[in-house]
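Residue numbers (this note's numbering), protein chains in the order written: chain E, 1 to 364; chain V, 1 to 310; chain Z, 1 to 273. Think of the CB as a built atom: it goes at the ideal place given N, C-alpha and C, for glycine as much as any other residue. Since the structure is predicted, the reported quantities are computational estimates derived from the model, not experimental observations.
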Amino acid sequence: MSGNNGFISIQNVDKYFGSFQAINDVSMTVGHGEFFSLLGASGCGKTTLLRMLAGFENPSSGEIYIDGQPMSDVPPHMRPVNMVFQNYAIFPHLNVRDNIAYGLRKQKLPKARRDDMVDEMLELIKLPHYGNRKANQLSGGQRQRIALARALILRPKVLLLDEPLGALDKQLREQMQLELRALQRTVGITFVFVTHDQEEALTLSDRIAVMSRGEVLQLDTPGGLYERPQGREVASFIGTMNFFDGQVRGQTAEAISVEAAGLGVLSIPETKGRFVEGESVQIALRPEKLELMDAAPTDGSESTKGVLQNAAYLGERSHYYVKVDGHETPIAVSAQNRFDGSFAVEEGKPVWLTWRDEAAVVLR
Amino acid sequence: MTDQTLQSGSASGTAGPRAGWFGRLIYRSETARGYTLLTPALVFLGVAILVPFGILVVMSFWTAEGFGFDTTLTTHNYEQFFERPIYMALLSRTFGISGMVTIATVLLCYPMAYYVAFHVHRNKMFWLVLITLPFWTSYLLRVFAWKVVLGYEGVINSALLSVGLIEAPLEFLLYSKQAVIITLAHAWAAFAILPLYVSLEKIDKSLLEAATDLGDGPVRRFFRITLPLSLPGVISASLLVFIPTTGDYITPALLGGPDGAMIGNLIQKQFGPINNWPMGAALSIILMLCIAAISLIFIMLTLFVRKRIS
Amino acid sequence: MSVESYIRKPNRPLQLYAAIFLITLYLPVLFLPLFSFNDSLYVRFPLESFTVRWYVELFARDAVWNALWNSVRVGVAVALVSTTMGIFAAKAITRYRMPGKGPVVTFIMLPLVVPLIIFGVALLVLMSQLGVPLSLYTVAIGHMIVCLPFSIAVLIPRFEGFDASIEEASADLGENAWWTFWRVTLPMVGPGVLASLMLTFTVSFDEFILAFFLSGTQPTLPMYIWGQLRFPQEFPSVLALSSIIIVVSFVIVFLGQWINRGAISASTSGDAS
Ligand SMILES: Nc1ncnc2c1ncn2[C@@H]1O[C@H](COP(=O)(O)OP(=O)(O)O)[C@@H](O)[C@H]1O
Ligand SMILES: [Mg+2]
Numbered sequence: 001m002s003g004n005n006g007f008i009s010i011q012n013v014d015k016y017f018g019s020f021q022a023i024n025d026v027s028m029t030v031g032h033g034e035f036f037s038l039l040g041a042s043g044c045g046k047t048t049l050l051r052m053l054a055g056f057e058n059p060s061s062g063e064i065y066i067d068g069q070p071m072s073d074v075p076p077h078m079r080p081v082n083m084v085f086q087n088y089a090i091f092p093h094l095n096v097r098d099n100i101a102y103g104l105r106k107q108k109l110p111k112a113r114r115d116d117m118v119d120e121m122l123e124l125i126k127l128p129h130y131g132n133r134k135a136n137q138l139s140g141g142q143r144q145r146i147a148l149a150r151a152l153i154l155r156p157k158v159l160l161l162d163e164p165l166g167a168l169d170k171q172l173r174e175q176m177q178l179e180l181r182a183l184q185r186t187v188g189i190t191f192v193f194v195t196h197d198q199e200e201a202l203t204l205s206d207r208i209a210v211m212s213r214g215e216v217l218q219l220d221t222p223g224g225l226y227e228r229p230q231g232r233e234v235a236s237f238i239g240t241m242n243f244f245d246g247q248v249r250g251q252t253a254e255a256i257s258v259e260a261a262g263l264g265v266l267s268i269p270e271t272k273g274r275f276v277e278g279e280s281v282q283i284a285l286r287p288e289k290l291e292l293m294d295a296a297p298t299d300g301s302e303s304t305k306g307v308l309q310n311a312a313y314l315g316e317r318s319h320y321y322v323k324v325d326g327h328e329t330p331i332a333v334s335a336q337n338r339f340d341g342s343f344a345v346e347e348g349k350p351v352w353l354t355w356r357d358e359a360a361v362v363l364r
Numbered sequence: 001m002t003d004q005t006l007q008s009g010s011a012s013g014t015a016g017p018r019a020g021w022f023g024r025l026i027y028r029s030e031t032a033r034g035y036t037l038l039t040p041a042l043v044f045l046g047v048a049i050l051v052p053f054g055i056l057v058v059m060s061f062w063t064a065e066g067f068g069f070d071t072t073l074t075t076h077n078y079e080q081f082f083e084r085p086i087y088m089a090l091l092s093r094t095f096g097i098s099g100m101v102t103i104a105t106v107l108l109c110y111p112m113a114y115y116v117a118f119h120v121h122r123n124k125m126f127w128l129v130l131i132t133l134p135f136w137t138s139y140l141l142r143v144f145a146w147k148v149v150l151g152y153e154g155v156i157n158s159a160l161l162s163v164g165l166i167e168a169p170l171e172f173l174l175y176s177k178q179a180v181i182i183t184l185a186h187a188w189a190a191f192a193i194l195p196l197y198v199s200l201e202k203i204d205k206s207l208l209e210a211a212t213d214l215g216d217g218p219v220r221r222f223f224r225i226t227l228p229l230s231l232p233g234v235i236s237a238s239l240l241v242f243i244p245t246t247g248d249y250i251t252p253a254l255l256g257g258p259d260g261a262m263i264g265n266l267i268q269k270q271f272g273p274i275n276n277w278p279m280g281a282a283l284s285i286i287l288m289l290c291i292a293a294i295s296l297i298f299i300m301l302t303l304f305v306r307k308r309i310s
Numbered sequence: 001m002s003v004e005s006y007i008r009k010p011n012r013p014l015q016l017y018a019a020i021f022l023i024t025l026y027l028p029v030l031f032l033p034l035f036s037f038n039d040s041l042y043v044r045f046p047l048e049s050f051t052v053r054w055y056v057e058l059f060a061r062d063a064v065w066n067a068l069w070n071s072v073r074v075g076v077a078v079a080l081v082s083t084t085m086g087i088f089a090a091k092a093i094t095r096y097r098m099p100g101k102g103p104v105v106t107f108i109m110l111p112l113v114v115p116l117i118i119f120g121v122a123l124l125v126l127m128s129q130l131g132v133p134l135s136l137y138t139v140a141i142g143h144m145i146v147c148l149p150f151s152i153a154v155l156i157p158r159f160e161g162f163d164a165s166i167e168e169a170s171a172d173l174g175e176n177a178w179w180t181f182w183r184v185t186l187p188m189v190g191p192g193v194l195a196s197l198m199l200t201f202t203v204s205f206d207e208f209i210l211a212f213f214l215s216g217t218q219p220t221l222p223m224y225i226w227g228q229l230r231f232p233q234e235f236p237s238v239l240a241l242s243s244i245i246i247v248v249s250f251v252i253v254f255l256g257q258w259i260n261r262g263a264i265s266a267s268t269s270g271d272a273s
């Protein structure tokens with residue numbers, strides 16, 4: 001999606017607040033029309049990075065390019081980006097129409113044209129009859145839509161969104177996620193979206209940068225992050241993950257052979273990394289890639305024997321926790337409750353776990 | 001869409017060169033932005049305070065010579081100050097009066113601030129505005145009003161006379177130290193109440209509950225919790241009353257008589273009828289130095305108290 | 001809960017004290033209007049008959065009108081200039097991280113504490129050394145020293161009262177600093193600006209100490225009153241004039257504070273000193 005000359009290009013950016021380093025050598029590119037997310041726990045520097053794109057903070061070193069232009073001397077009001085603030089920052093002294101039309105002043109449009117544009121925006125955000133309300137007469141979701149409309153009416157090259165759904169309740173948030181994604185497809189503007197909610201990021205994004213302590217840990221598609229996390233931090237931040245200590249036994253061009261505590265020897269397809277024999281690694285395996293059985297598999301696939309410790313019924317699926325020899329923490333297994341005669345739960349019952357080796361990920 | 005992007009594209013392209021080094025500095029440095037906005041105020045106050053003050057210091061080392069000045073630098077004025085007892089006496093009386101005013105004001109205002117902080121629940125704002133309102137209005141007229149009240153034929157005397165409580169007007173009311181103290185305390189009450197109120201309002205009410213819970217009665221609770229916690233407010237209120245009143249000359253001039261004169265009157269006279277500006281300048285500097293020393297003590301006291309509270 | 005209500009239970013002696021305090025605060029000043037309607041040259045009880053002749057007499061005096069006009073000109077100029085500077089300074093103080101902010105703020109607020117006589121004589125000395133004749137301009141300069149910190153103190157809570165992201169949103173939507181100021185900042189701090197204008201005007205209008213040292217041949221209204229205090233026969237007309245000034249000042253200041261009441265409660269919940 002993005003070439004080397006990405007639409008937004010962030011190059012070796014550092015940001016210090018006094019002696020505190022909020023952003024540490026971040027480089028990335030965002031493609032045109034991409035829905036790009038910055039994902040990370042609170043305080044990891046997402047807002048700071050976004051504010052540097054908007055121009056409210058300056059990088060301490062490094063450079064940001066938007067559409068090929070270096071941004072370091074371009075103040076916020078001259079940047080081809082618009083932002084949806086975390087608190088929405090709706091102008092409290094203006095009504096909804098005037099909020100949405102705020103940025104149009106410089107275009108010196110005839111009033112009728114401007115009214116049309118505002119009407120169009122109100123239609124787009126599904127608030128057609130709210131034009132004359134004051135900011136304090138709006139709900140959180142409505143304010144969020146107005147902040148969106150106010151920015152989109154200017155047709156920015158990039159829309160920056162700082163946890164725009166964070167203040168909404170769960171149901172509204174899920175609805176807004178769908179609308180936001182549809183909206184982005186409709187307008188075709190590049191979105192840079194900040195969130196600390198991994199599910200939200202996975203649902204919405206074309207690509208995600210996972211951040212921690214001011215650094216980008218991994219930049220990948222949602223599927224890539226989920227299936228091939230690079231490092232334990234990303235693996236545990238996105239979804240649930242079982243980790244096993246392991247030792248490299250050998251490597252060929254296509255696969256690597258690892259002996260993992262509690263699982264035995266696995267042959268994992270791995271072409272990128274180079275490992276030496278005897279190296280300590282970790283094996284990561286998602287709960288839903290494991291299968292739980294009453295008896296040892298007869299088809300000869302990999303399996304390990306354990307004891308069922310407990311289970312949690314979650315409606316569409318259940319989580320089971322299995323203790324195996326050689327591995328301290330119980331292994332989480334997720335299974336869909338496909339038939340109502342779901343897996344019989346009986347603590348202390350012996351069970352077998354099976355998996356496919358290509359589902360496992362080797363982490364250094 | 002293209003309109004907007006083209007505009008901003010071209011704008012950003014030319015922004016760098018057109019903005020120049022100053023524009024870039026302003027955009028890049030928050031400090032530069034802040035001080036640019038502060039420049040008018042700082043330049044004005046610098047010119048209107050620091051420059052004159054510097055000249056005042058220089059002048060205090062001159063001497064008066066007829067209608068002009070002898071500009072050779074000498075400590076003559078300062079020697080005069082220490083040699084002639086009248087100056088010292090006036091200065092110590094000034095601090096005595098200001099001290100009394102400060103104590104009276106803080107003592108009288110504290111219960112009022114306490115009342116608004118703890119016992120007014122609705123319309124707190126209205127109360128605060130009402131209490132501080134007189135402070136903003138003419139100081140001269142408020143002093144003048146006390147002259148009307150305390151005068152020889154004034155409100156109090158004539159009221160007592162007409163009721164028959166006294167035979168002849170009470171003379172000590174006007175033109176006395178007491179008159180000055182009463183008037184000054186009254187004039188500064190509206191100013192002193194704010195810091196007191198703020199420090200009382202900030203006290204965490206759960207601390208008071210805890211004290212009561214641990215068996216303290218209202219009086220013990222007040223002396224063990226409320227008063228110590230409001231001490232910073234008491235100290236800043238004291239400072240805010242003490243310092244300005246040391247330089248007052250209107251009240252003593254209108255109500256003080258010979259017994260109630262303060263250093264401010266003498267300074268004013270040096271620049272008026274006596275026409276010895278260098279001496280007036282020296283007296284002003286001495287007053288400022290004393291104030292600075294006393295403020296320093298007050299501030300150290302505040303820091304000490306703050307440290308003990310936290 | 002019961003403890004809370006125990007602390008908050010009405011305290012009769014304290015209520016009585018508060019009432020007496022307020023009455024004492026206002027009573028002396030209220031004698032001025034009282035006696036200004038008294039048909040007697042002397043300010044004393046018992047009151048004679050009611051009259052408005054002292055007021056009527058004032059209207060006939062050119063000197064009063066001149067002094068009033070002088071005071072109004074100075075007051076308006078001082079209010080406008082110090083509030084304008086105050087807006088910029090208050091914005092800088094509340095919005096920007098910068099080294100040396102603490103000492104700078106202390107310096108700006110100094111005139112609220114330092115005896116005004118010092119500023120008066122210092123400016124007088126400066127003007128005489130520069131050969132600048134005393135005039136209404138020198139009075140205005142003196143008044144601005146006091147009014148600027150007042151204006152800033154009134155405006156800071158206003159700026160603190162709204163989030164900086166509102167101004168950032170304006171910049172983000174394409175407005176430069178100038179337009180952001182007119183379209184967002186000013187409307188948001190509007191009540192504070194109005195309050196600052198009204199308070200600084202009143203402070204200047206009523207100020208006497210600095211005017212005493214810095215006015216030339218054109219007296220301000222307080223200077224005029226001071227001059228009249230020497231003549232016992234002028235006492236009633238001074239009372240009438242004072243009453244007008246006090247009532248007008250009270251009204252302006254009350255309105256100013258009331259317009260700005262949201263910010264006052266915000267500032268008093270912070271730190272005053
Ligand atoms: N203006 C600032 N001054 C000092 N530190 C800041 C400032 N803004 C952010 N920080 C610090 O930088 C870190 C990252 O903040 P932020 O970007 O807001 O995180 P996030 O949005 O990911 O929660 C935090 O530790 C925060 O305390
Ligand atoms: Mg954030």
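Are any of the Cβ atoms in chain V nearer than 8 Å to that of residue i?
{"i": "E:P75", "result": "yes"}
{"i": "E:N58", "result": "yes"}
{"i": "Z:F35", "result": "yes"}
{"i": "Z:V3", "result": "At Z:V3, the pLDDT of 45 sits below 50, so the modelled position is not reliable; the number obtained from the coordinates is stated separately. So, interface residue."}
{"i": "Z:L199", "result": "yes"}
Is any non-hydrogen atom of ligand 1 found closer than 7 Å to the C-beta of residue i, if you look at the structure I gave you?
{"i": "E:K46", "result": "yes"}
{"i": "E:S37", "result": "no"}
{"i": "V:F118", "result": "no"}
{"i": "Z:S128", "result": "no"}
Identify, in the order they occur along the chain, each residue of the same chain with its Cβ nearer than 8 Å to the Cβ of residue i, setting aside the five sequence neighbours on each side.
{"i": "E:S61", "result": "N12, V13, D14"}
Throw me the rounded Cβ distance for the residue i and residue j pair, which I believe falls under 8 Å.
{"i": "E:M293", "j": "E:W352", "result": "5 Å"}
{"i": "E:S72", "j": "E:T195", "result": "With a Cβ gap of about 27 Å, E:S72 and E:T195 do not count as contacting."}
{"i": "V:L56", "j": "V:S284", "result": "6 Å"}
{"i": "E:M121", "j": "Z:D172", "result": "About 17 Å; that fails the 8 Å criterion."}
{"i": "E:V96", "j": "E:Y130", "result": "5 Å"}
Are any of the Cβ atoms in chain E nearer than 8 Å to that of residue i?
{"i": "V:R24", "result": "yes"}
{"i": "Z:L126", "result": "no"}
{"i": "Z:T165", "result": "Here the sequence assigns Ser to residue 165 of chain Z, which means Thr is not the residue at that position. With 8 Å as the cut-off, Z:S165 counts as an interface residue toward chain E."}
{"i": "V:R28", "result": "yes"}
I want to check one thing, is the minimum distance from the CB of residue i to the heavy atoms of ligand 2 below 7 Å?
{"i": "E:Q336", "result": "no"}
{"i": "E:E163", "result": "yes"}
{"i": "E:Q144", "result": "no"}
{"i": "E:Q86", "result": "yes"}
What are the boundary residues of the beta strand (DSSP E) that includes residue i?
{"i": "E:K323", "result": "317-324"}
Could one say the Cβ of residue i lies closer than 8 Å to chain Z's Cβ atoms, at least one of them?
{"i": "V:G20", "result": "no"}
{"i": "E:L154", "result": "yes"}
Starting from residue i and walking both ways along the alpha helix (DSSP H), at which residues does that stretch end?
{"i": "E:S139", "result": "Element bounds for E:S139: n/a, residue is neither H nor E."}
Looking at ligand 4, does it come within less than 7 Å of residue i, judged from the CB to the closest heavy atom?
{"i": "E:S60", "result": "Among the ligands modelled here, namely ligand 1 and ligand 2, ligand 4 does not occur."}
I'd like the list of long-range same chain contacts for residue i, defined as Cβ closer than 7 Å, with 5 residues on each side in sequence excluded.
{"i": "Z:I225", "result": "V238, L241, S242"}
{"i": "E:Y402", "result": "Summary: the structure shown does not reach residue 402 of chain E, with chain E confined to residues 1 through 364, and so no result is reported for it."}
Which residues in the same chain as residue i place their Cβ atom closer than 6 Å to its Cβ, once the five residues preceding and following it in sequence are excluded?
{"i": "Z:L112", "result": "P149"}
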